[in-house]
Every structure is written in C-alpha cells, then in structure tokens.
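All remarks here apply to the structure that follows.
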Amino acid sequence: MGLENEKYENLRNILSAYGRVAVAFSGGIDSTFLLFSAIDALGPANVLAYNCMSELNSQAAVSSMKGVFQHHFEAQIPLRVVKLYPRTWKEFVANSDKRCYFCKKRMYTILLDEIKKESCFILAEGTNIDDLKSNRPGLRAIRELNIKTPLVEAGFTKREIRILAEKKGLINHGLASNSCLATRVRSGQEITLQNLAVIEKAEEYLRKLGFLGCRVKVDGTAALVEINRCDFEAFVKDEVRSAVLYTFYKLGLASVSLDLSGR
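Right, dumping it as structure tokens:
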C-alpha cells in the first residue's frame, strides 16, 4: 500500500470517528476531496455540504463549483448554499492585513449557527499540511472556532491530494488553486463592488486568451498579472500583450505589469 493510500485509510478513520460531518465546500480540490472522502467513510446520510456565496466569488468560480458538485455529489446529497454579505462587515471592507481572519471568523461562525439547526454534525474544512507553511490569517479563525481539519490530521500535502483525487476520478484534480476576489485588492485599499468587478472582468479576459489559473492584483489603477510560468512566452507576444493592455486600459487599469515569479 502506497503512502497516499495509507493516509487515505487514516482519513477515513478520522472521518468515521466524527459520526456526522458538515463539509465547507468551495469547489476547489481540497474541499472536493474532503467531501468525497466523507461520503465514502460515513455514507451520504451522515454528510452535509455547505457552500458560502457572496460577491467575492467570481462567476467562473461559481460555475466551476456547481459543475463539480453536480458531477460528483448531486445524486447523493443536496448542496446547502449560505448567502454572505461581507461588504456589510466594516472590519472586512477596511481590508487590513487581518481581512482574511475577519472573513473566515464571520463565515465559519455563520456556518456553525446553521449546523446547530441539524443534529450532532461537526464542521470540517479542507486545509492541508502545505497551507500551514504559508501566511494564512484565516487559520487563526479556524483554530479559534475549533473547526476540524481532517486533511491536516491525516497528514495530506497538496500533491498527495491531487494524486489520490486523480486516481479516484475527481474531475478537478488538476484545478489551479484559487481564492476570492478580495485577495487581489492591495491591503489597505477599500474593497468595493467596482474594484471587484474590474478584477473579475480582467481575469475573465485572460482566461479567454487561454491563461488559465491567472490572477490580476490591483492597487488603484495599477494591475499586476500572475500567470503560469509556462505561459510567459505566449503572454509577451506583441499581439497578445497589445490586446491585454488595450482591454485593461478600458477597464481603468492604466499600468499593467507581469509578475515574473509566475504561479
């Protein structure tokens, strides 16, 4: 038995011990793998799936999430969608370096309140071992609220999750990691519907050009484009570069730079 399979058996045991579990499902590979594993370990009658929806989710991300859920889970369990309104949270809109902490604290508190309406469910989410190595203020909220992180408990890295997800036929096993639109706004700059819309339109345009997994970070009217390193050559071709500049200028982005570190 390979190491990934040993960890999967450990994960199933961890989930089985919960008895009943509610999974925070975003449509990314981590929460998809966790939800798949929970249903495998506990059966669909003992698993709930919750998705938090707000203006921070791009339409592309929402469409992808719905597609993954429909393909793998819709025949087994319903998706419970919880509407959030983060732009009414003053501490979030201020966009300090604790923005992610404030958002996660609010989001998971709301989910815990929802789960209390059910019977004996534990809330779990898809943090993995690699996430612990980076600066993620949201992890503090997860610890404070005692949200379960079974992928961490089982010792799963991102790579191992992708390997097992592919073996088990999960359609998003190779999906690039993503985050909400607010993460593209420079810390200290107020988060508005206008800058969120600009970011979403800019990223949608880049995806249409074939730059999948792209991110556009904004600081006022300046944009920093993040794409996969393998796409650099295509991006800097004159016709592509000119088209991107023209489109971004129309969106009000007067300065456009490429992050040479890539994704």
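Under the working numbering, the first residue of the sequence shown carries the number 3, and numbering increases by one thereafter.
Glycine included, every Cβ here is placed at the ideal spot set by N, Cα and C.
All values derive from a computational prediction rather than experimental measurement.
According to DSSP, I124 shares a beta bridge with V23.
Around the C-beta of T90, fewer than 16 other C-beta atoms lie within 10 Å, and the residue is accordingly described as exposed. By the neighbour-count criterion, in which a residue is buried when 16 or more other Cβ atoms sit within 10 angstroms of its Cβ, S98 is exposed.
The secondary-structure analysis by DSSP pairs Y248 with nothing; it has no beta-bridge partner. Counting along the chain, Y52 sits inside the beta strand (DSSP E) bounded by residues V49 to M55.
Taken atom to atom, the span from the alpha-carbon of I193 to that of L86 is near 15 Å. The alpha-carbon separation between D133 and K252 amounts to approximately 36 Å. Of the other Cβ atoms in all chains shown, fewer than 16 fall within 10 Å of the Cβ of T111; this residue is therefore exposed. Remark: C-beta atoms of E162 and L50 do not approach each other more closely than 8 Å. If you compare the alpha carbons of P152, N197 and I124 with that of E11, the shortest gap goes to P152.
DSSP, read as helix, strand or coil, puts L86 in coil. The beta-carbon separation of L17 and S39, rounded to 6 Å, stays under the 8 Å limit for a contact. Setting aside the 5 residues that flank it on each side, E127 is surrounded in the same chain by A26 and I149, each with a C-beta closer than 6 Å to its C-beta; the list follows chain order. Only buried fits F213, as 16 or more other CB atoms lie within 10 angstroms of its CB. Note that the C-beta distance between I229 and R186 is not below 8 Å. Secondary-structure assignment with DSSP links A256 through no beta bridge to anything. When Cβ pairs closer than 8 Å are counted between the two stretches, the stretch 195-211 is seen not to touch the stretch 163-172, the count staying below three. Under the DSSP assignment, D221 falls in the beta strand (DSSP E) whose first and last residues are R217 to D221. For L226, the enclosing beta strand (DSSP E) stretches over residues A224 to E228. With a beta-carbon spacing of about 6 Å, L113 and Y52 fall inside the 8 Å limit used to define contacts. Per DSSP, the unbroken alpha helix (DSSP H) holding T111 starts and ends at R101 to I117. Our two residues, L211 and A184, have alpha carbons roughly 23 Å apart in a direct line. Within the DSSP bridge table, the entry for K150 names A126 as partners. When secondary structure is reduced to three states using DSSP, V187 falls in the strand class. Taking a C-beta distance under 8 Å as the contact criterion, F35 and L141 do not qualify as a contact pair.
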